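Each residue of the sequence shown is one higher than the one before, starting from 47 at the first, in the numbering used here.
Presented below is the structure to which this report refers.
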Amino acid sequence: MKKIFLLGISCFYHDSAAALISDGEIISAVQEERFSRKKHDSRFPENAIKYCLKSNNLDLRDIKNIVYYEKPLLTFERLLETYLAVAPRGGRSFIAAMQVWLKEKLFLKSELKKSLKIIQKEIINNEDVHIPEILFAEHHQSHASAAFYPSPFEESVILCMDGVGEWATTSTWIGKGNKIKPLWEISFPHSLGLLYSAFTYYCGFKVNSGEYKLMGLAPYGQPIYAEVIKEKLIDIKEDGTFKLDMSYFKYHRGFRMTSQKFHKLFGSPPRNTEGELTQFHMDLASSIQAVTEEIVIKIASSLREETGIKNICLAGGVALNCVANGKLLEKKVFDDIWIQPASGDAGSALGAALIGWHEYLNKPRKVNPSDSMKGTYLGCNFSNDEIINYLKHINAPFETYQDEELFEKIALELEQGKVIGWFNGPMEFGPRALGARSIIGDPRNQEMQSVMNLKIKYRESFRPFAPSVLEEDVASQFEMKNKSPYMLLVSPVKKELCTEMTEEQKQLFGIDKLNIPRSTLPAITHVDYSARVQTVSKETNPRYYHLIMSFKKLTSCPLIVNTSFNVRGEPIVCTPQDAYRCFMRTEMDILVLQNQFLHKYAQPKTETDETWKQEFELD
């Protein structure tokens, strides 16, 4: 029986992506940014679509339907209604928005067809171009679909929270079998995602990119402004639903996130991008994080009470707030929790494809007791032969080792304090490096965090790193028993591994706390004694698992430091070329490309050129 292929796409806002499913099975999913090298690239995902098709020996004639992740006319309706409500304010941003909409977004279907025809002509070199029927899902429906259908649950509550879709900013659903049904939603302009982004902007970070910085900054502060936020900015009901006082914001009527009234409330204008981070900004970060956690837990609690369902799935940009996720897990509101690893708009491409399968075609759902995401290893893969040919072409000295010898060699280098670029198998889908495109180090090394931040990533020293821990050892290292394969849960480090601070150290403020080791694993222990945990399974990533196992055999430590293989502002590397370039531009010691081992000192010397630092926008 001929297989049915569906292609989901998301684009034109941020984090463009394409996802391919075959008879309901996820087989490929990639973000456009990995190919274009432009972080959060919003353009039509030409390269991502090409990859999904070509890597599976398909062209558009093989695709039954293409599903777009939202309904543009509803979004257009929201824009018009919003601007009319605040007129004559917001005139400049209205004109700017209309220019984009009248040029391309309002006629999205024809724009998509035009771009798809170009791809098809390139693949089959034929003028007789067939374009499958294009279907449109709703934005939050795509989020809900991406959250539930790949989850390990037969039945679940679904909570989606982001900036805004067409109208919805928060939506709740029930997933059962092959169907998802809406419960209720909160509509624009009242948005937890945009509230968090407003503080991201105010603290000098980039909206839709720097929110995770704000989350990382929060433990350095105290939530002293939480009550002010709840008194002035947001009215939170007992069930977690909320309403914003829009006089403090400008995102609904201008180019900025916050108004003068917001700045007056907190006593200063927004921080410049490269300005000093003060205790004030840390306390603001702590405060909005506390408010976010309160809302998430209250909504989740009301959903459990309302539905009686024991599982919850999360998606939308707010679901990437792994601290809030960890608090929700800790509270035991639900028996189990599953979070879509590509929770932002990129993951909605996958959600759209799954809607096509389950909703439009009404096909049954197969529930995988682990989940159906295949560890997110759904992107580009390169063979040893391809890598060797590339390295020979650029005259890069390297050695090739079989797996067992390679892992032992890497373990020894890690133990000696080396920083290693690890390029392994298919690329991850979503914002987290999970052992396919990672930079790794020894978590016991006190200098590792600052070295990786300042010499490898070229970013702020306060940014924490995550541990990759063997799945079976997670409970011995952290105060959690749950699997966390996608690095979306924060957990306290095991108490017996922690180091008590002296009274003098407890008096320190802000960044001064950074250099105080918190545990026997200082490189991954944040200032609040927590860590963003990734559990590693030999089923989903056997080579990464065996690498960590080799490190454990050598050191008795069952985890390593894992951060994404890129520099500040750059998308995670995709190809061996990207990896080698990043390796040579930074102070990494070693690069491992599948089974090829490269020492930095052995590489041909290149002229020092730091103009590349201007290529990537600061995030």
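Each residue gets a CB set at the ideal place from its N, CA and C atoms; glycine is no exception.
The structure presented is a predicted model; accordingly, all values stated were derived computationally and were not measured.
Query                                                                                                         : Result
P265 (DSSP reduced to helix, strand or coil)                                                                  : helix
Rounded separation between F58 and F453 - CA only                                                             : 42 Å
With 16 other Cβ atoms within 10 Å as the buried cut-off, status of S394                                      : buried
Backbone secondary structure at R578 - three-state DSSP                                                       : strand
Proximity to Y647 [Cα-Cα], best of M634, N641, Q640                                                           : M634
First and last residue of the uninterrupted beta strand (DSSP E) at R589                                      : Run containing R589: none in the beta strand (DSSP E); it sits in the alpha helix (DSSP H), 588-601.
A569: first and last residue of the uninterrupted beta strand (DSSP E) it sits in                             : Per DSSP, A569 belongs to no beta strand (DSSP E) and is neither H nor E.
Identified DSSP bridge partners for A64                                                                       : I55, V76
At least three beta-carbon pairs within less than 8 Å, the stretch 401-412 to the stretch 491-499             : no
Cβ shell of H645 (< 8 Å), same chain only, five flanking positions each side left out                         : P443, D635, I636
Endpoints, beta strand (DSSP E) assigned at V536                                                              : 535-538
Through-space distance from S576 to V539, alpha-carbon basis                                                  : 5 Å
Test: R299 CB closer than 7 Å to a CB of chain C                                                              : The chain inventory of the structure shown lacks chain C, comprising one protein chain alone.
With 16 other Cβ atoms within 10 Å as the buried cut-off, status of V274                                      : exposed
Neighbour-count burial assignment, D724, 16 or more Cβ in a 10 Å radius                                       : The question about residue 724 has no answer, for the chain in this structure spans 47 to 665.
Span separating the alpha-carbon of P489 from that of K160                                                    : 50 Å
Q642: first and last residue of the uninterrupted beta strand (DSSP E) it sits in                             : 642-645
The stretch 61-75 contacting the stretch 87-94, beta-carbon criterion three pairs below 8 Å                   : yes
Per-residue burial, N470 [other beta carbons within 10 Å of its own, 16 or more giving buried]                : buried
Alpha-carbon to alpha-carbon, I385 and W658                                                                   : Summary for W658: the model assigns pLDDT 49, below 50, so the residue's position carries little reliability, and this model does not support an answer.
Euclidean distance between Cα positions of P666 and P513                                                      : Residue 666 falls outside the range modelled here, since the chain spans only 47 to 665, and no answer is possible.
Terminal residues of the beta strand (DSSP E) in which F182 lies                                              : 179-182
Runs of beta strand (DSSP E) wholly within the stretch 199-244 (minimum 3 residues, chain order)              : 201-207, 214-222, 225-233
Cβ shell of K317 (< 8 Å), same chain only, five flanking positions each side left out                         : Reading off the sequence shown, one finds Arg at residue 317, where the question assumed Lys. Once the five neighbours on either side are set aside, the close Cβ partners of R317 are Y248, C249, G250, L323, H327.
Rounded separation between T121 and W213 - CA only                                                            : 7 Å
First and last residue of the uninterrupted beta strand (DSSP E) at S484                                      : 483-487
As assigned by DSSP and simplified to three states, the class of E322                                         : coil
Segments of 3+ residues assigned as beta strand (DSSP E) that fall wholly inside the stretch 331-388          : 357-361, 382-385
According to DSSP, residues forming a beta bridge with V113                                                   : G54, L181
Other residues of its chain near I343: CB distance less than 7 Å, five sequence neighbours each side excluded : K373, L374, K377, V379
Three-way DSSP call (helix, strand, coil) for P604 in this model                                              : coil
Own chain partners of L516 with C-beta closer than 8 Å, once the 5 adjacent residues on each side are dropped : T581, V582, Y591, I594, M595, K598, P604, L605
Under the three-state DSSP convention, the category W658 falls into                                           : With a pLDDT of only 49 at W658, under 50, the local geometry of the prediction cannot be trusted, and no value is derived from it.
CB contact flag (A399, L52, <7 Å)                                                                             : yes
Whole-angstrom distance between V607 and A365, CA atom to CA atom                                             : 23 Å
Spatially closest choice to T304 from F245, S255, N357, by CA coordinates                                     : F245
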